[in-house]
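Residue numbers (this note's numbering), protein chains in the order written: chain A, 22 to 543; chain B, 382 to 629. C-beta: ideal position from N, C-alpha, C; glycine also. These notes concern the structure reproduced below.
The following block contains the structure:
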């Protein structure tokens, strides 16, 4: 495959842009090769180290793209609406939600589990794929970790406001108090507090620590441009501006400010050998710590249901099935965010290649198949176990009052990821984007299907039908707004790709080794 | 590359770690000490509309708590007396005037053998307030001292009948001119006793449960632990610490 490999092993990879060399009409950007002997390049466009730094830092340094204020305004507006709904809930009480007996856990837990699940992709990509030396992860790990942090923030909101008296939310933690009461240590809800708390802390550390060298790069570049003044305000209005509007413009020494901000966040990083040595060690330790968390967090979240004795919940398949579902939805969410970002940020396609996206599609198919297998197994065991209540719970799931939710879930989670067996499906970017959204919808419905099992409890006289209220819906939409607001801020001000890690997987970093290393790049 | 921060900023991480640690410890200490009922509740001593003194009535004159708080053995509530209970004694030296109010009448003080008491009854503003309340047929509007949240049900009768004296929760009321809260009445404080009540149980055959001085002497005595255990076994007193005991 001459288009992929340099002609001679000793020759460094081409430095200049040579699109015809990489471009292949059949495989979009030349990275979708099926020859197992050939290694697809991880960075395209014939880039050298300098252009990598320039491009990635440029997204944070250059003028704000035109779409950004619009997207940010919309997200912040939706987030504000969600905050109002939360305020309304706090002032009025949880009665503003559709919760009632027998469905005492409604959308709040559905949203919580959904968001925590989404938060799983970040750690999987950054920790597990790091330990397995999957080099294609370098272009998406920072992105996915940021998404994880923001998803876990959204997840943590829901149990926090579900307690009703939010000022008592501290009682979620085992803090000594004058009431001499402790959380119930036998309750999986307390395990959740520890599991999600640990997960958030480790993810945050991992994300932030990984970013320090890149923030230091931004600091140094901002310091060089300290003298420049930047004007903010209504720049889009027709010229000449009315005086009142023109006065709203402010001129700030933007880079002077940012050099201090980035400088503070960079914690005095000076790119010394010793720094890199400690950094690499710490990175590996955190990757090791985060790896079991990928499996433990959603296992414990699944205990919220599995440890109870309700038919339909009390099943041992829950932990692995939840973990697979979490990775499934997490990857879908990464794709949902990555595909527009890849299209909107100039040069991003050189780093996030079609092959990276294809790899993610394959993980979605694997985990989606696991989830589909678990759905089938739940039904099989319900029948094979011979417990009439268990059987009834599952028949009601598929054919009862919530049949529409069940079949939405099956369509989105079982059928749609199987489409990625077809090469066209996993290489057509707009199609992948649609499927990623479908998967997110499906995973939300999965949790809804599980929670709505409560509607038929042991006492048929109290059976009910759960419907959300407008406040429920707007709070959920608001959490999407909070997530997007945080994410857009991340895109605007922080290095979206791990600059140093991307450089590490470029041929230039291994120029003298090229040709005889056998590290798979897949 | 010129420096963004001055050199002394190199000490910032150490300083902030130490400072942050110290601030966290201080915050924990502050919450630990101040954010508790033992800080906020103990010592609550409101000014009452009538300066009734338990010190005089119980300590000096030897009245039993149950003369006024009549239902304490039968009812969850230790009832607060209405003004007519006070007037059982304090009518002495008063007469009903034409306008329906009670006023001092020296002629009625035949059994009060002291001019001092007579004089005291005549001009004491507290008694004037009491007489006015009685004349209008309303109780004195006492301020509640020992308040529990509305979701906590404390049963006086259950405690008194099990041999827990007034003293255990209210302290030496007989020495208080103004009633003050002696104990935090926090849930932790309740549970301490519910989990091991031996420190609070007295033998009501030996000691009058309202004789606060004698009760205190017994509870402070060295044999109390043993005696309490005996009484607990005799009476099969097993205080519950399940939620439904107090929150129902």
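Below 8 angstroms, too few C-beta pairs join the segment 197–210 of chain A and the segment 115–131 of chain A to call them touching: fewer than three. DSSP places residue 131(A) in the uninterrupted alpha helix (DSSP H) bounded by 128–139.
The shortest CA-to-CA distance from residue 386(B) to any of 355(A), 500(A), 176(A) and 285(A) is the one to 285(A). Beta-bridge analysis with DSSP links residue 121(A) to 124(A). Contact annotation: in the segment 413–439 of chain B, residues whose CB is within less than 9 angstroms of a CB in chain A are 413, 416, 417, 418 and 419. DSSP, read as helix, strand or coil, puts residue 470(A) in helix. DSSP places residue 173(A) in the uninterrupted alpha helix (DSSP H) bounded by 162–183. Setting aside the 5 residues that flank it on each side, residue 391(A) is surrounded in the same chain by 345, each with a C-beta closer than 7 angstroms to its C-beta; the list follows chain order. Of the residues 542(B), 462(B) and 602(B), the one whose Cα lies closest to the Cα of residue 616(B) is 542(B). For residue 432(A), no alpha helix (DSSP H) segment is defined, and its DSSP state is neither H nor E. The Cβ-Cβ distance between residue 531(B) and residue 572(B) does not fall below 8 angstroms. Residue environment for residue 323(A): buried (at least 16 other C-beta atoms within 10 angstroms of its C-beta). Following the DSSP letters along the chain, one finds residue 273(A) inside the beta strand (DSSP E) bounded by residues 271–273.
Here the segment 125–133 of chain A makes no contact with the segment 161–171 of chain A; the two share fewer than three CB pairs at distances below 8 angstroms. Chain order gives no chain A residues near residue 535(B), where near means a beta carbon separation below 8 angstroms; the closest approach is about 15 angstroms. Going by C-alpha positions, residue 110(A) is about 13 angstroms away from residue 188(A).
For residue 623(B), not one C-beta of chain A is nearer than 8 angstroms to its own C-beta.
Residue 174(A) and residue 509(A) do not touch by the CB rule: their CB atoms are close to 14 angstroms apart, not below 8 angstroms. Closer than 8 angstroms to the CB of residue 199(A) there is at least one CB belonging to chain B. Residue 366(A) and residue 241(A) have their C-alpha atoms some 22 angstroms from each other. In the structure shown, residue 526(A) adopts coil according to DSSP, grouped into three states.
For residue 240(A), the nearest CB of chain B lies under 8 angstroms from its own CB, placing it at the interface with that chain. Rounded to whole angstroms, the Cβ separation of residue 161(A) and residue 377(A) is 6 angstroms, and the two are in contact under 8 angstroms. Taking a cut-off of 8 angstroms on C-beta distances, the segment 458–475 of chain A touches the segment 335–355 of chain A, as three or more cross pairs fall below it. Taking 8 angstroms as the CB threshold, residue 569(B) lines the interface with chain A.
Flagged as an interface residue toward chain B: residue 289(A), by a C-beta distance shorter than 8 angstroms. Within the same chain, and ignoring the five residues on either side of residue 357(A) in sequence, the residues whose Cβ sits closer than 8 angstroms to its Cβ are 454, 457, 458 and 461. Taking a Cβ-Cβ threshold of 7 angstroms, the residues of chain B close to residue 281(A) are 385, in chain order. Put simply, the segment 98–114 of chain A does not touch the segment 391–408 of chain A. Fewer than three CB pairs are less than 8 angstroms apart.
Taken in chain order, the complete alpha helix (DSSP H) segments of 4 or more residues contained in the segment 258–326 of chain A are 264–267 and 275–286.
The beta carbon of residue 146(A) lies closer than 7 angstroms to those of 158, 161, 162 and 165 in the same chain, with the five residues before and after it left out. Residue-level contact by beta carbon holds for residue 565(B) and chain A, with a gap shorter than 8 angstroms. DSSP links residue 582(B) through a beta bridge to 545(B).
In the structure shown, residue 206(A) adopts coil according to DSSP, grouped into three states.
Residue 391(B) reaches chain A at 289, counting residues in chain order whose Cβ is nearer than 9 angstroms. Rounded to whole angstroms, the Cβ separation of residue 321(A) and residue 195(A) is 16 angstroms, and the two are not in contact under 8 angstroms.
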